[in-house]
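Single-structure report; data block below.
In my numbering, the protein residues as written are 2 to 427.
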């Protein structure tokens, strides 16, 4: 690393604290972004294949202009009438088939915290079901659902996340795999009942993004929702990563073929401006409002509305969803072709522009190779392509570019990935 990077790291450790998360063995110092590209302080260009926050591209001129115009006009909290935020809420709610209302927030953590409170008020219960490799945020309450084992937390029950590639059900037919994991939901519900804890709900990412985008047995999400509702709880879909056309559908729950009671969204909504939402059936939102009088100084602001509206405008005007489906199919097929020639990739999965490559030491045993996946990410970075790692075992290469990533970008990335695989295979 250069001296300037060393000096920057020293200052970072001093003022942000040692141990603050940082990507790559040799960190990247970024100073500018445009579209799918990020530029380092040394002038080097990197293709961004990780950040889903700038979903319509870094520094999209339409979003920048909308933010600048609104910031130069006014920006106040939501206890005054403002047509822009009402228009945006109506448009956001209209992206769901049900009659929905919206509670705005500034982060996915806040949105999930609201969803949990809303579910407890709406159901009268307290207990929540999540998976044992979930990530839903950083607050004390939402953090209870993050990275089980969750010992000693009576109001949270973590179930094994459903997957077809490895685990105790890997050799079963898909229908039996589904039944196996639904039985885990039944066990969680029964455990709460035995303890005398009424069920509030289940909170889950419908595509299990943090779990590594595993192949989910068909029918699991719908079956889980049915069981949760039968036990008096509500089914909550965390769409912070899956939503806003990431999968080629507006929402990940459409891929999972389930209809949630509550939906949370965040990261891509403002293309970088902090903006999140908890969207739910109107009766649930009304009851939540009446009982909590919830208010957030920085949420539901005109500035948020301007950014959010601009993002939706770009998605529609530039046929972003169509691009996701077209380019996503090309990206995935290209990754599958490379996997056929390299045994270190045990599985290729995902939807739209969200692809996971599972690194294994051996395809027969399917033993996870975290070190290989981390090395691949660093080798790609050295070639100017930024990806990261995910999954319960940290062995999944996570490919999640801005949604304006096109066929030309995919071709460049696949060439780089091929080069990395060749180097790793020597």
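Positions of the beta carbon are idealized from the N, C-alpha and C atoms, including for glycine.
Worksheet item: Is residue 137 helix, strand or coil by DSSP?
Response: For the purposes of this step, residue 137 is identified with residue 136 of the chain shown, where counting begins at 1. Here residue 137 carries a coil assignment [DSSP, helix/strand/coil].
Fill in: Secondary structure of residue 47, DSSP reduced to three states
Position 46 of the chain shown, counted from the first residue, corresponds to residue 47. Per DSSP, reduced to three states, the secondary structure at residue 47 is strand.
Worksheet item: Taking DSSP as the reference, what is the three-state secondary structure of residue 208?
Response: Here residue 208 refers to the residue found at position 207 of the chain shown. Coil.
Worksheet entry | Environment of residue 55 [buried if 16+ CB atoms lie within 10 Å] | Against the chain shown, residue 55 aligns to sequence position 54. Burial call: buried.
Worksheet entry | Every unbroken alpha helix (DSSP H) inside the region 302-359 [4 residues or more] | Listed in chain order, the complete alpha helix (DSSP H) runs (minimum 4 residues) inside the region 302-359 are 303-318, 321-341.
Discussion item. Please classify residue 399 as buried or exposed, where buried requires at least 16 other C-beta atoms within 10 Å of its C-beta.
Written reply: What you label residue 399 is simply residue 398 of the chain shown in a count that begins at 1. By the Cβ neighbour-count rule, residue 399 is buried, with 16 or more other Cβ atoms within 10 Å of its own.
Discussion item. Taking 6 Å as the limit between beta carbons, can you name the residues of its chain near residue 183, skipping five residues before and five after?
Written reply: Reading the chain shown from its first residue, position 182 is the one you call residue 183. Non-local beta-carbon contacts of residue 183 in its own chain, meaning distances under 6 Å to residues more than five positions away in sequence, involve 224 in chain order.
Worksheet item: Alpha carbon to alpha carbon, how far is residue 6 from residue 40?
Response: Position 5 of the chain shown holds residue 6. Position 39 of the chain shown holds residue 40. C-alpha separation (whole angstroms): 15 Å.
Worksheet item: Whose C-beta lies closer than 7 Å to the C-beta of residue 364 among residues of the same chain, with five residues either side of it excluded?
Response: Taking the chain shown and counting its residues from 1, the one referred to as residue 364 is at position 363. The beta carbon of residue 364 sits closer than 7 Å to those of 344, 347, all from its chain and outside the five residues before and after it, given in chain order.
Worksheet item: Does the region 270-289 come close enough to the region 105-113 to have 3 or more Cβ pairs within less than 8 Å?
Response: Enough Cβ pairs lie closer than 8 Å, so yes.
Worksheet item: What three-state label does DSSP hand residue 8 in the structure shown?
Response: In the chain shown, the residue the question calls residue 8 occupies position 7. In the structure shown, residue 8 falls within a helical segment according to DSSP collapsed to helix, strand and coil.
Worksheet item: Can you list, in chain order, the residues of its chain whose CB lies under 7 Å from that of residue 196, leaving out five sequence neighbours each side?
Response: By 1-based counting over the chain shown, the position of residue 196 is 195. The residues are 155.
Practice prompt. Quick one: grab the DSSP three-state call for residue 149.
Written response: Walking along the chain shown from the start, residue 149 turns up at place 148. Low confidence applies here, because residue 149 scores a pLDDT of 49, under 50, leaving its location unreliable and the question unanswered by this model.
Item to complete: Check whether the region 169-179 touches the region 93-108, counting contact only when three or more Cβ pairs, one atom from each stretch, lie closer than 8 Å.
Response: Touching, no, given that fewer than three Cβ pairs across the two stretches are closer than 8 Å.
Worksheet entry | Cβ contact (3+ pairs, closer than 8 Å) linking the region 14-21 and the region 226-236 | Contact between the region 14-21 and the region 226-236 is not established, with fewer than three Cβ pairs separated by less than 8 Å.
Worksheet entry | Whole beta strand (DSSP E) elements within the region 188-270, 3-residue minimum | Qualifying beta strand (DSSP E) stretches, in chain order: 200-205, 235-239, 263-266.
Worksheet item: Can you name, in chain order, every residue of its own chain whose Cβ lies under 6 Å from the Cβ of residue 268, other than the five neighbours on each side?
Response: Within the chain shown, the letter at position 267 stands for residue 268. These residues qualify, in order along the chain: 53, 54, 241.
Fill in: residue 220 versus residue 83: straight-line alpha-carbon distance, rounded
What you label residue 220 is simply residue 219 of the chain shown in a count that begins at 1. What you label residue 83 is simply residue 82 of the chain shown in a count that begins at 1. In a straight line, the C-alpha of residue 220 is about 42 Å away from that of residue 83.
Fill in: Under the three-state DSSP convention, the category residue 412 falls into
Locating residue 412 in the chain shown gives position 411, counting from the first residue. In the structure shown, residue 412 sits in a helix (DSSP, three-state: H, G or I).
Worksheet item: Within 10 angstroms of its Cβ, does residue 188 collect 16 or more other Cβ (buried), or is it exposed?
Response: Here residue 188 is taken as the residue at index 187 of the chain shown, counted from 1. By the neighbour-count rule (16 or more Cβ atoms within 10 Å), residue 188 is not buried but exposed.
Worksheet item: How should residue 2 be labelled, buried or exposed, when 16 other C-beta atoms within 10 angstroms of its C-beta is the threshold for buried?
Response: Along the chain shown, read from residue 1 onward, the residue named residue 2 stands at position 1. Unreliable positioning characterises residue 2 in this predicted model, as indicated by a pLDDT of 48, which lies under 50. A coordinate reading is not provided.
Worksheet item: Considering only C-alpha positions, which residue in the set 376, 209, 22, 215 is nearest to residue 239?
Response: Taking the first residue of the chain shown as position 1, residue 239 is located at position 238. The option with the nearest alpha carbon to residue 239 is 209.
Worksheet item: Taking only runs of the alpha helix (DSSP H) that begin and end inside the region 72-123, which ones reach a length of at least 4 residues, in chain order?
Response: Counting only runs of 4+ residues, the alpha helix (DSSP H) found wholly inside the region 72-123 occupies 84-94, in chain order.
Item to complete: Compare the beta carbon distance of residue 103 and residue 129 with 8 Å and say whether it is the shorter of the two.
Response: Numbered from its first residue, the chain shown carries residue 103 at position 102. Numbered from its first residue, the chain shown carries residue 129 at position 128. Result no, Cβ atoms of residue 103 and residue 129 do not sit closer than 8 Å.
Worksheet entry | Cβ neighbour criterion (16 or more within 10 Å) applied to residue 204 | As a position in the chain shown, residue 204 is number 203, starting the count at 1. It counts as buried.
Worksheet entry | First through last residue of the beta strand (DSSP E) which encompasses residue 383 | Stepping through the chain shown from its first residue, residue 383 is reached at position 382. No beta strand (DSSP E) holds residue 383; the alpha helix (DSSP H) holding it covers 371-383.
Worksheet item: So residue 284 is in the alpha helix (DSSP H); what residue range does that whole segment cover?
Response: Numbered from its first residue, the chain shown carries residue 284 at position 283. Residue 284 -> alpha helix (DSSP H) spans 283-293.
Fill in: Buried versus exposed, by CB contacts within 10 Å (16 or more), residue 296
Here the question's residue 296 lines up with position 295 in the chain shown. With a 10 Å radius around the Cβ and a threshold of 16 neighbouring Cβ atoms, residue 296 comes out exposed.
Worksheet item: Between the Cα of residue 199 and the Cα atoms of 349, 123, 146, which residue gives the shortest distance?
Response: Translated into positions along the chain shown, residue 199 becomes position 198. Minimum Cα distance to residue 199 is reached at 123.
Worksheet item: Just the Cα atoms here: how many angstroms apart are residue 301 and residue 181?
Response: For this step, residue 301 is matched to residue 300 along the chain shown. For this step, residue 181 is matched to residue 180 along the chain shown. Cα to Cα, the separation comes out at about 42 Å.
Discussion item. Using the three-state DSSP reduction, which class does residue 276 fall into: helix, strand or coil?
Written reply: The sequence position of residue 276 within the chain shown is 275, counting from 1. The DSSP-derived three-state label of residue 276 is coil.
Worksheet entry | Integer Cβ distance of residue 50 from residue 28, believed to fall under 8 Å | As a working mapping, residue 50 is identified with position 49 in the chain shown. As a working mapping, residue 28 is identified with position 27 in the chain shown. In fact, because the Cβ distance is near 17 Å, the residues do not count as touching under 8 Å.
Worksheet entry | Straight-line Cα distance separating residue 252 from residue 149 | Here residue 149 corresponds to residue number 148 of the chain shown, with the count starting at 1. Here residue 252 corresponds to residue number 251 of the chain shown, with the count starting at 1. Unreliable placement is indicated for residue 149, whose pLDDT of 49 sits below 50; the coordinate value is still reported in the next sentence. If you take the alpha carbons of residue 149 and residue 252, they lie about 26 Å apart.
Discussion item. Give me, in chain order, the residues of the same chain whose beta-carbon lies closer than 7 Å to that of residue 101; leave out the 5 immediate sequence neighbours on both sides.
Written reply: One-based indexing of the chain shown puts residue 101 at position 100. For residue 101, same chain residues with a beta-carbon under 7 Å away, outside a window of 5 residues either side, are 94, 280, 281, 282, 283 in chain order.
Worksheet entry | Any 3 or more C-beta pairs closer than 8 Å across the region 85-92 and the region 310-323 | With a cut-off of 8 Å on Cβ pairs, the region 85-92 is in contact with the region 310-323, counting three or more such pairs.
Worksheet item: Are the Cβ atoms of residue 159 and residue 393 separated by less than 8 Å?
Response: Position 158 of the chain shown, counted from the start, is the residue given in the question as residue 159. Position 392 of the chain shown, counted from the start, is the residue given in the question as residue 393. Taking 8 Å as the cut-off, the Cβ atoms of residue 159 and residue 393 do not count as close.
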